[in-house]
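A short worksheet on the structure shown next.
Number of protein chains: 4
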Amino acid sequence: MERKDYLKEPVKHIKIDKALTVDELIRQFKNSGSFGAGKLATACDIYEKMLKDPECTIFLALSGAIIPAGMRSLVTDLIRKKMVDVIVTTGACMVHDAIEAIGGHHYKGTWSVNDKELYKYHIFRIYDIYVPEEDYVKLDYVFSEIYDEIAKEKKGQTLSSDEFAFEIGKRLKDPNSILRVAYEENVPIFIPAVRDSEFGFIHWMHASQNNQKNPLVVDAFKDVPTICGICSKSPKNGMIVLGGGVPRNTIQSSAIASKKGLDYAVVVTMDRPETGGLSGSTLEETVSWGKMKGEADHMMVIGDVLMVFPILVASAIERLGEDFKRSPLTQKINKGAEENGR
Amino acid sequence: MERKDYLKEPVKHIKIDKALTVDELIRQFKNSGSFGAGKLATACDIYEKMLKDPECTIFLALSGAIIPAGMRSLVTDLIRKKMVDVIVTTGACMVHDAIEAIGGHHYKGTWSVNDKELYKYHIFRIYDIYVPEEDYVKLDYVFSEIYDEIAKEKKGQTLSSDEFAFEIGKRLKDPNSILRVAYEENVPIFIPAVRDSEFGFIHWMHASQNNQKNPLVVDAFKDVPTICGICSKSPKNGMIVLGGGVPRNTIQSSAIASKKGLDYAVVVTMDRPETGGLSGSTLEETVSWGKMKGEADHMMVIGDVLMVFPILVASAIERLGEDFKRSPLTQKINKGAEENGR
Amino acid sequence: MERKDYLKEPVKHIKIDKALTVDELIRQFKNSGSFGAGKLATACDIYEKMLKDPECTIFLALSGAIIPAGMRSLVTDLIRKKMVDVIVTTGACMVHDAIEAIGGHHYKGTWSVNDKELYKYHIFRIYDIYVPEEDYVKLDYVFSEIYDEIAKEKKGQTLSSDEFAFEIGKRLKDPNSILRVAYEENVPIFIPAVRDSEFGFIHWMHASQNNQKNPLVVDAFKDVPTICGICSKSPKNGMIVLGGGVPRNTIQSSAIASKKGLDYAVVVTMDRPETGGLSGSTLEETVSWGKMKGEADHMMVIGDVLMVFPILVASAIERLGEDFKRSPLTQKINKGAEENGR
Amino acid sequence: MERKDYLKEPVKHIKIDKALTVDELIRQFKNSGSFGAGKLATACDIYEKMLKDPECTIFLALSGAIIPAGMRSLVTDLIRKKMVDVIVTTGACMVHDAIEAIGGHHYKGTWSVNDKELYKYHIFRIYDIYVPEEDYVKLDYVFSEIYDEIAKEKKGQTLSSDEFAFEIGKRLKDPNSILRVAYEENVPIFIPAVRDSEFGFIHWMHASQNNQKNPLVVDAFKDVPTICGICSKSPKNGMIVLGGGVPRNTIQSSAIASKKGLDYAVVVTMDRPETGGLSGSTLEETVSWGKMKGEADHMMVIGDVLMVFPILVASAIERLGEDFKRSPLTQKINKGAEENGR
């Protein structure tokens, strides 16, 4: 590279002299092209590309306090609008969804509070959000029955984590539930660590009540071929990671196991790369493994998911416009899978 | 507090079903009311309050790579629109402004680059931004002459850091320069660590050329009574801190020295509170010192300034509308100061 | 609290005038009593208390790059010395252990490297560590056979994640393997997200080879009653969390599900509390849930696990001395469990 | 580079089977060679190299809560043992030193406290440390007199920041004061942002009392040639940065202004590189500017200074042994400077 190649495009200064739409602001961020502003603008571009690439399957990784923080409708709307094809998430995220699906609520609070008093009052805290214990108790009872029902129906069969999510979704009524809407729209939800959540303890309750006669069995490994199959059958694969942990790792591992490598990747996190956790590891590193292609469009946005994710969605919706239609490949792939007895 | 007081306001889920303006999005963030979304929404509310409070003087602390990252016009426009009354910044920030004022540029680059090659090419890197060395060389020569000129004019007198900024601004032509516009609009710019920047080394050059006969003297302590005087004469004081370091500390110290305590405070940073640096310290901590009032409206947004600051500005501009007029108190205070021979 | 109660104990300055042992340094940190030094000293005290409390069961949560980073022997020695009673970890951690158990290695590298070249060379990168692909390929083949063997032996039975770990450990020869040593010492290893790792993809291979006739089945939920049972039967419970993620969440959830609440807790992490992830959430927050008792000894050390963990271990070993013997409760609990057909 | 070059040195696992000295632990960290452990071990090696390189001048940058956190004696001992040649620090750090020099104390506290109560009690909080207001009031009075004294003695002359520190040190009695010991040992202390601290407000007090007749004048720019001169005259230059901010920037800028470029660099910080602040910027970036040589030994340790700094010192003291003597170049350089009327 010659000297002049480094000095090609001057930063243009962001200009805000009237009310801007979110995407107008993002286009100003692109003028800046640097630091957080540049990263976020590039992430918006990559998501737009994924959406407009007819060969791309879009995996969304959800972790952390997305639902308590008020991002639930964003996810259900993305599913309904076919702006995401596969979800990989934690047990906790789906528990949070389920809590609201059965009528519970998350309440605005503060992080600076006396937790001993909250304990006394049977109020659980998630940073600056409160959940009353009774919502969890209700969940335990409602879901223990749902487990019984599924166990009876699936007698003798084991379920994969996505089948578990599908069966739950089928039995929830709330039209704003991620589990429900994903069921309706046939978007698979993988929960590789499903046991690590209230779902695990509900299982204990359910299995005890049944005296172990007919418990629901989720086969820990059974979702592996399914998610890898999706990667494998899709010409291209893209991921959007909100947070990190198991959901990010599962998508990346599926990309390598299916010998595809991701074509697009956006990660939003505040975890650091230097301490050895997967969540903060760079996307560059994934290239060495073959998890992401060397030439993939990718961006790691260093920021609070609960600030960045809505911006990403707002920009995409504005860019696509009302007439945009997308035909996800997974619908065909899934259909094939179903006909084969899914 | 009773139990029900903790469970008053459920989180409302963010809804994005069409193109939103930035402030419409911020109002959705307020529905969430939690984590980064809630913090940012509250920060926007506080800035709006500051702007609408006729008794409040607004201090803006600038540090880091604000200018190279494309935020220069945001600052000049805030000054012109009288949406900020006092600026406290670093030498480096004003050097970045000056570089562009004399025709230099910051260029879009990447953080993943061979720095030895950049060195060979005389290109300086600021994370993902490049600046050619010749812009700094030009700055050295142009400013050395400006120093001479000021020194002659102010013969025998010492300057405070804000007078230094004022004299520089007077001599710059660029209508987009923060130093220039602040001069025109009579907004003081305090640079408490002015020496810690290219300005320091230009001084060395200037002083050597003059054989020390008539050097420019900036009195390190001379701006203390000026900034404390502004705090003291203003019924209320608010600060917006972008980054941290000396600018944040200076504003907070002025608030305590003037025995006022801040009434409003917004801090945007990614520094952590646990390691003993001022930049990441909580606003709660400032209450113990009297730097901020116990009942002050305050928010610390954990995020990248280069993403958050434009949102804060866009929201404020949208909320205030075109007809909004603000009469900063400092204009009177400064006038008084000038008549007393500033 | 009166004023004088706040001003009781002055910070004593750390003094290093000769070679110090690690614990002598930690005692100096205690003199400081503040920031990272104070937190680390307190963490050492808490671990010592756990070890000396005959009623306490010690849970160790492992995540991230502990093994590649050279902490493997620390863990095996803790197991052998009965300084940890239960391990909860990720699939990836145990894969890293297994890679070395079958003769593979992790190599010292650098984080600043061309990942496309590494990909070309079939070398995987974990921050500044390299692993050759052939070690993974070997793992796939060796473990696929181990899976077959276990499946045959356990025909028709499902395994819990700890039984899976136990069966693997039984079949490994390497005396430095965590899986092996835990098997020998009867220390249970829970891997709640076992599927999210190479273990998942080996399962795919194994199941395909068998034409699904007789695959190994790990029941995702089956370890819940086991780990909760340990908490429940132990008068007191303490945890040491290295990193976060599923292992931390699982221990905390077990503490609440067993209605015990942790009595001791040390967390080492660099994740932040503000962004909604469990890994960075404060220990104060866990009190509201009943995951930790309000009066528990607890400390969250903000630091790199790969720097802090060896210090914690070195301090404990030095404090306990050579004659220290500990009789973990779990050995009895486990024995009871085994007699009941574990 | 060929494939085998990447796979040369396997990670050796850390082994702790008895009480270790701090440097024995660091050597185990070197066996790991990765993540925080590897970074810290390399940092210790670099500091050792600096100390043993007879051509190297060692600059120490201090910022943040070093003194309140109990690191004061570490610094004074480094000065006395000639293990550091030049100090660059903040006004706040030297205020903290001065507070203790006049008999004040910093007290152990907690970060989780009611700051409004502390305010009521006139207790200032620095994260988990408390300082009573009366210590600051005492400082104001004692130092106002010291200012008067210096002003009288230096009548008509301006002081540089290091001369200011020197004059203060001369007047303090406390043998544990950094300012005092640096004065005794002729180690210059540069305080480029001296005004941004209680020193600034004491100046206001002092200047008001004198009716501006004979105030102490610190020339903001006067220390530039002095520190650049040290860099320039020293064959090699190394820096150890604890924290960041102005002290780090000043050393780096001096290295470039003197056209030398650093030969050794250790930075300890938890600030991030992605947000545009100098404190978190990588050492790689400094190479592009010429602040550090491309081939310099350098390491950025991501960790809490208040944990890492004592380890760095303990390791160095253990490695050097009791008989080690070092003849700093600055002593000659300074002597030369003094003879020329410093």
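Protein chains in written order, with the numbering used here: chain A, 178 to 519; chain B, 178 to 519; chain C, 178 to 519; chain D, 178 to 519. Each residue gets a CB set at the ideal place from its N, CA and C atoms; glycine is no exception. Remember, predicted model here, so these are calculated numbers, not experimental data.
{"Check": "Inter-residue Cα distance where the pair is C:Leu295 and A:Asp292", "Outcome": "48 Å"}
{"Check": "Nearest to D:Ala269 (by Cα), restricted to the options B:Arg204, B:Asp500, B:Arg496, B:Asn426", "Outcome": "B:Asn426"}
{"Check": "For D:Val443, three-class secondary structure by DSSP", "Outcome": "strand"}
{"Check": "Euclidean distance between Cα positions of C:Gly421 and C:Gly457", "Outcome": "7 Å"}
{"Check": "D:Ala370 - DSSP class collapsed to helix/strand/coil", "Outcome": "coil"}
{"Check": "CB contact below 8 Å: D:Ala370 versus chain C", "Outcome": "no"}
{"Check": "Chain-ordered chain B contacts of C:Ile479 [CB-CB under 9 Å]", "Outcome": "Arg449, Glu451, Thr452"}
{"Check": "First and last residue of the uninterrupted alpha helix (DSSP H) at B:Thr267", "Outcome": "It is not in any alpha helix (DSSP H) - B:Thr267 carries neither H nor E in the DSSP assignment."}
{"Check": "Under 8 Å from the C-beta of C:Thr198: neighbouring residues of chain D", "Outcome": "Ala196, Leu197, Thr198, Val199"}
{"Check": "Terminal residues of the beta strand (DSSP E) in which C:Asp474 lies", "Outcome": "469 to 479"}
{"Check": "Contact set between D:Tyr298 and chain C, taken where Cβ atoms lie within less than 8 Å", "Outcome": "Arg180, Tyr183"}
{"Check": "Coarse secondary structure for B:Thr234, derived from DSSP in three states", "Outcome": "strand"}
{"Check": "Under 7 Å by beta carbon: chain A residues contacting C:Thr335", "Outcome": "Val394"}
{"Check": "Any chain C beta carbon closer than 8 Å to B:Phe206", "Outcome": "no"}
{"Check": "Sub-8 Å separation of C:Gly453 and A:Leu483 beta-carbons", "Outcome": "yes"}
{"Check": "Within-8 Å CB hit, A:His282 to chain C", "Outcome": "no"}
{"Check": "Distance between beta carbons of A:Val265 and A:Phe341, contact taken as under 8 Å", "Outcome": "Not confirmed; about 14 Å, so no contact."}
{"Check": "Assumed close pair D:Asp400, D:Asp339 - CB separation to whole angstroms, cut-off 8 Å", "Outcome": "5 Å"}
{"Check": "Distance, A:Met178 Cα to B:Arg357 Cα", "Outcome": "37 Å"}
{"Check": "Neighbourhood of C:Leu255 by C-beta, 8 Å cutoff - its chain only, sequence neighbours within 5 removed", "Outcome": "Leu237, Val261, Val490"}
{"Check": "Distance cut-off 7 Å: D:Arg425 Cβ against heavy atoms of the ligand NAP", "Outcome": "Of ligands this structure carries none, so the ligand NAP is not represented either."}
{"Check": "For C:Thr463, three-class secondary structure by DSSP", "Outcome": "helix"}
{"Check": "Listed by chain order, chain C residues near A:Val263 by CB distance under 8 Å", "Outcome": "Residues of chain C passing the Cβ test: none, with the nearest at roughly 15 Å."}
{"Check": "D:Lys468 burial status per 10 Å Cβ neighbour count (16 or more: buried)", "Outcome": "buried"}
{"Check": "Alpha-carbon to alpha-carbon, D:Val445 and D:Arg180", "Outcome": "33 Å"}
{"Check": "Short Cβ contact (8 Å threshold) for B:Lys374 with B:Ile404", "Outcome": "Note on identity: in this sequence residue 374 of chain B is Ser, with Lys being the wrong assignment. For B:Ser374 and B:Ile404, no; Cβs fall outside 8 Å."}
{"Check": "Exposure label - D:Asn517; buried when at least 16 CB within 10 Å", "Outcome": "Low local confidence applies: a pLDDT of 47 at D:Asn517 is under 50, so the model's placement there is unreliable, with the coordinate-based value given in what follows. By the 10 Å Cβ count, D:Asn517 comes out exposed."}
{"Check": "Chain B contact for A:Lys293 (CB, 8 Å cutoff)", "Outcome": "no"}
{"Check": "A:Gly421 at chain D interface by Cβ criterion, 8 Å", "Outcome": "no"}
{"Check": "Pairwise C-alpha distance: D:Asp474 and D:Cys594", "Outcome": "Nothing about residue 594 of chain D can be reported from this structure: the residues present for chain D run from 178 to 519 only."}
{"Check": "Cβ-based burial, D:Gly513 [other Cβ within 10 Å; buried from 16]", "Outcome": "Its pLDDT being 49, under 50, D:Gly513 is placed unreliably in this model, and the value from its coordinates should be taken loosely. Looking at its Cβ environment, which holds fewer than 16 other Cβ atoms inside 10 Å, D:Gly513 is exposed."}
{"Check": "At least 3 beta-carbon pairs within less than 8 Å: the segment 237 to 250 of chain C vs the segment 302 to 309 of chain C", "Outcome": "yes"}
{"Check": "Chain D contact for C:Val490 (CB, 8 Å cutoff)", "Outcome": "yes"}
{"Check": "Those residues which DSSP pairs with D:Pro309 across a bridge", "Outcome": "D:Ile300"}
{"Check": "C:Gly215 - containing alpha helix (DSSP H), residue span", "Outcome": "212 to 229"}
{"Check": "B:Gly333 in three-state terms, based on DSSP", "Outcome": "coil"}
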